[in-house]
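Peer 1:
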Amino acid sequence: MANTKYIFVTGGVTSSLGKGIIAASLAKLLQGQKFKVTIQKFDPYINVDPGTLNPYEHGECFVTDDGAETDLDLGHYERFLNVNTSQANNVTTGRVYQSVIEKERKGEFLGKTVQVVPHITNEIKERMSLLGDSGEYDIVITEIGGTVGDIESLPYIESVRQMIWDLGKENALVIHLTLIPFLAATGELKTKPTQHSVKTLMESGISADIIVCRTEHKLTEEIKDKLALFCNVQKEAVIQSIDVETIYDVPLKMSEEGLNRVVLDKLNLKAKQELNLNNWNSFLKKFKNPKHNIKIGLVGKYVELQDSYKSILESLIHAGAENETEIDVISIHSEHLDKSNVEELLNCLNGLIVAPGFGERGIEGKITAITYARENKIPFFGICLGMQMAVIEYARNKVGLVEANSTEMVPNCKVPVIDLMESQKKIIKKGGTMRLGSWDCDLNENTISANAYAVNSISERHRHRYEFNNGYFEKVFDQDFIVAGTNPETGLVEIIEYKNHPWFVGVQFHPEYKSTVSTPHPLFKAFVKASLANK
Ligand code: GLN
0 MANTKYIFVT
10 GGVTSSLGKG
20 IIAASLAKLL
30 QGQKFKVTIQ
40 KFDPYINVDP
50 GTLNPYEHGE
60 CFVTDDGAET
70 DLDLGHYERF
80 LNVNTSQANN
90 VTTGRVYQSV
100 IEKERKGEFL
110 GKTVQVVPHI
120 TNEIKERMSL
130 LGDSGEYDIV
140 ITEIGGTVGD
150 IESLPYIESV
160 RQMIWDLGKE
170 NALVIHLTLI
180 PFLAATGELK
190 TKPTQHSVKT
200 LMESGISADI
210 IVCRTEHKLT
220 EEIKDKLALF
230 CNVQKEAVIQ
240 SIDVETIYDV
250 PLKMSEEGLN
260 RVVLDKLNLK
270 AKQELNLNNW
280 NSFLKKFKNP
290 KHNIKIGLVG
300 KYVELQDSYK
310 SILESLIHAG
320 AENETEIDVI
330 SIHSEHLDKS
340 NVEELLNCLN
350 GLIVAPGFGE
360 RGIEGKITAI
370 TYARENKIPF
380 FGICLGMQMA
390 VIEYARNKVG
400 LVEANSTEMV
410 PNCKVPVIDL
420 MESQKKIIKK
430 GGTMRLGSWD
440 CDLNENTISA
450 NAYAVNSISE
460 RHRHRYEFNN
470 GYFEKVFDQD
480 FIVAGTNPET
490 GLVEIIEYKN
500 HPWFVGVQFH
510 PEYKSTVSTP
520 HPLFKAFVKA
530 SLANK
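As numbered in numbering that gives the first Met the number 0, the sequence shown has no gaps in its residue numbers, which increase by one up to the final residue, 534.
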């Protein structure tokens, strides 16, 4: 424990200030100075994981290689750092209580009253130290979800206080992220909410070492002086985080503001090398100076909330930069799409993605969109449910199985081309029981996918219960509609392609979880390239 340094990131004033991006940006800078860094997120809600949450609640559910269903901030961590996370990187109140209660039932606290302090806080502290204790990291950044002062955050804040006490001031620090609102009527930036929020933190025995201030306008020296004095921090530890055009600018902004320098100073660490962000900068250069422009449609049922498809949108940014192409993503609500407006909505597109999803709502809109893309030779990328719908579309419209469907939508459907996996049929519990995490897939030669990946065998992350029903293999697949990838152990169909078309690929897995700034995903790259060629 002694060699690992800990940085805790808390938030004040309001939620949604971007703690995850600040944490990921700081980690990027420290990584650029050769430190081994990881980030973990502690979420105060009672769900054991976000797998049972609707995307409208906290945005998409991110899936790790080890099959953990996690907060979307882990996606930012992986995309920024190009390092895998795991179940250990995301802990919720539900998981903490579940494990304390299990221990109580086993008799581990026999004779004692089990309480929030010390039992819940000890469990939180154990989990906060887990990654650091592995000895793999120089620095562990821990993001505490929610806002200080919330009832449910209290055990976490108390655990942070104790961690700092255990570790010693030189081995741990607290960054508090707040909002500096701008009052248009008087043209002033206001510091009071930040003062109150820092004070709330102090009431729990924690003094912020660094304050990162989200602001729409530049902080004057006067404001910085005031914040330093009233929040009890050094002036150089008041870091401005001004609104920027892309999240990928944040590491550079934080470096200009000296966030990493102040952090290393306070932790008594010397940079192992001068900041090297060469790869990051070359990505940004391509991203900001595109030579081409395309329109990609994203059909889904949660399109009102950008965060629902976060990883897909970010994967398009990575693949767009790689192709020096600006991508205009047109969100299309699957429930508002039908035969009467499909032409009007889709004919301007250079490529179409049909998104993952659950349940019946909007699926006929997705199928209509796929028919249009297939017939009009618009590059098509179907992800998870999008792949399943592509199978149904082909079965209905080309094979003539007009009643083809998924048993997810119509449980007793007559032609279940998509059906529950055998292993899923007896499962009743909803939490953590899907086909999750990394699974291998063998690619067939001379397919779009094999060419894109340029290898024969891949592994990709999954999150679903339903599959292509191999009982319909002979009926559905023909010389045009083919299987391009299969799971070697189970024979499950992982990738379908339609040959009579410039680019038509459906994947049962989620490629979007593996795209990072430094390694854009091969299928997204190939899809963007094909969409560009289709312009
Ligand atoms: N609802 C589908 C299934 O469970 C697809 C899931 C998804 O798109 N992630 O198989």
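C-beta: ideal position from N, C-alpha, C; glycine also.
1. For residue 61, is the beta carbon positioned less than 7 Å from some heavy atom of the ligand GLN?
2. If you follow the alpha helix (DSSP H) that residue 227 is in, where does it begin and where does it stop?
3. Determine the closest residue to residue 497 out of 488, 475, 147 and 218, with distance taken between C-alpha atoms.
4. List, from N- to C-terminal side, the beta strand (DSSP E) runs of 3 residues or more that fit wholly inside the stretch 107 to 194.
5. Quick one: what does DSSP say residue 520 is sitting in, helix, strand or coil?
6. How would you call residue 182, buried or exposed, if buried means at least 16 neighbouring beta carbons within 10 angstroms?
7. Can you list, in chain order, the stretches of the alpha helix (DSSP H) that have 4 or more residues and sit fully within the stretch 198 to 277?
8. If we call anything under 8 Å between Cβ atoms a contact, is residue 392 one with residue 370?
9. Using DSSP with H/G/I as helix, E/B as strand and the rest coil, what is residue 37?
10. For residue 270, which residues from the same chain have a beta carbon less than 7 Å from its beta carbon, with the 5 sequence-adjacent residues on both sides left out?
11. From residue 145 to residue 419, what does the alpha carbon distance come to, in whole angstroms?
12. Within 10 angstroms of the Cβ of residue 532, are there 16 or more other Cβ atoms? Answer buried if so, exposed if not.
13. Are there any heavy atoms of the ligand GLN lying less than 7 Å away from the beta-carbon of residue 440, as far as the coordinates show?
14. If you follow the alpha helix (DSSP H) that residue 345 is part of, which residue opens it and which one closes it?
15. If you drop the 5 nearest sequence neighbours on each side, which residues of the same chain put their C-beta closer than 6 Å to that of residue 45?
16. Just to confirm the assignment, what range does the alpha helix (DSSP H) spanning residue 94 have?
17. Note down, in chain order, each residue of its chain lying with its Cβ closer than 7 Å to the Cβ of residue 178, except the 5 sequence neighbours on either side.
18. Going by the C-beta, is residue 297 closer than 7 Å to any heavy atom of the ligand GLN?
19. Do residue 238 and residue 209 come within 8 Å of each other at the CB atom, strictly closer than that value?
20. In this structure, how does DSSP classify residue 57 when only helix, strand and coil are distinguished?
21. Does the Cβ of residue 335 have 16 or more other Cβ atoms within 10 Å, making it buried, or fewer, making it exposed?
22. So, under 8 Å CB-CB, residue 378 and residue 451 are touching, yes? Tell me the CB distance rounded to an integer number of Å.
23. Rounded to a whole number of angstroms, what is the C-alpha to C-alpha distance between residue 0 and residue 72?
Peer 2: The answer reads as follows:
1. Walking along the sequence shown from the start, residue 61 turns up at place 62. Result no, Cβ not under 7 Å from the ligand GLN.
2. Within the sequence shown, residue 227 is the residue found at index 228, counting from 1. Taken as a continuous stretch (DSSP letters only), the alpha helix (DSSP H) holding residue 227 covers 220 to 230.
3. For this step, residue 497 is matched to residue 498 along the sequence shown. Of the candidates 488, 475, 147 and 218, the one whose C-alpha sits nearest the C-alpha of residue 497 is 475.
4. 138 to 143 and 171 to 178
5. Position 521 of the sequence shown, counted from the first residue, corresponds to residue 520. If DSSP states are grouped into helix, strand and coil, residue 520 belongs with coil.
6. By one-based count along the sequence shown, residue 182 stands at place 183. That one is exposed.
7. 220 to 230, 249 to 255 and 258 to 265
8. On the sequence shown, residue 392 is found 393 positions in, with the first residue counted as 1. On the sequence shown, residue 370 is found 371 positions in, with the first residue counted as 1. Their beta carbons are under 8 Å apart, which means residue 392 touches residue 370 by this criterion.
9. In the sequence shown, the residue the question calls residue 37 occupies position 38. Strand, per DSSP.
10. Against the sequence shown, residue 270 aligns to sequence position 271. Excluding residues within five positions, the ones whose Cβ falls inside 7 Å are 32 and 263.
11. Within the sequence shown, numbered from 1, the residue matching residue 145 stands at position 146. Within the sequence shown, numbered from 1, the residue matching residue 419 stands at position 420. If I take the Cα positions, the gap works out to 37 Å.
12. To locate residue 532, count along the sequence shown from 1; it is residue 533. So residue 532 counts as exposed.
13. For this step, residue 440 is matched to residue 441 along the sequence shown. The answer is no for residue 440.
14. On the sequence shown, position 346 is the one that residue 345 refers to. Counting along the chain, the alpha helix (DSSP H) containing residue 345 begins and ends at 341 to 345.
15. In the sequence shown, residue 45 corresponds to position 46, counting from 1. Same-chain partners within the cutoff: 92 and 93.
16. Counting from one through the sequence shown, the residue named residue 94 turns up at place 95. First-last of the alpha helix (DSSP H) with residue 94: 92 to 105.
17. On the sequence shown, position 179 is the one that residue 178 refers to. Taken in chain order, the residues that qualify are 12, 13, 16, 192 and 213.
18. Your numbering for residue 297 matches position 298 in the sequence shown. It does not: the Cβ of residue 297 is nowhere closer than 7 Å to a heavy atom of the ligand GLN.
19. Your numbering for residue 209 matches position 210 in the sequence shown. Your numbering for residue 238 matches position 239 in the sequence shown. In this structure, residue 238 lies closer than 8 Å to residue 209 by Cβ.
20. The count along the sequence shown starts at 1 and reaches residue 57 at position 58. Looking at residue 57 - three-state DSSP - the assignment turns out to be helix.
21. Counting from one through the sequence shown, the residue named residue 335 turns up at place 336. Per the 10 Å Cβ criterion, exposed.
22. Your numbering for residue 378 matches position 379 in the sequence shown. Your numbering for residue 451 matches position 452 in the sequence shown. At roughly 12 Å, the Cβ-Cβ gap does not stay under 8 Å, so residue 378 and residue 451 are not in contact.
23. One-based indexing of the sequence shown puts residue 0 at position 1. One-based indexing of the sequence shown puts residue 72 at position 73. Reliability of the predicted coordinates at residue 0 is poor, the pLDDT of 46 falling under 50, and no value is obtained from them.
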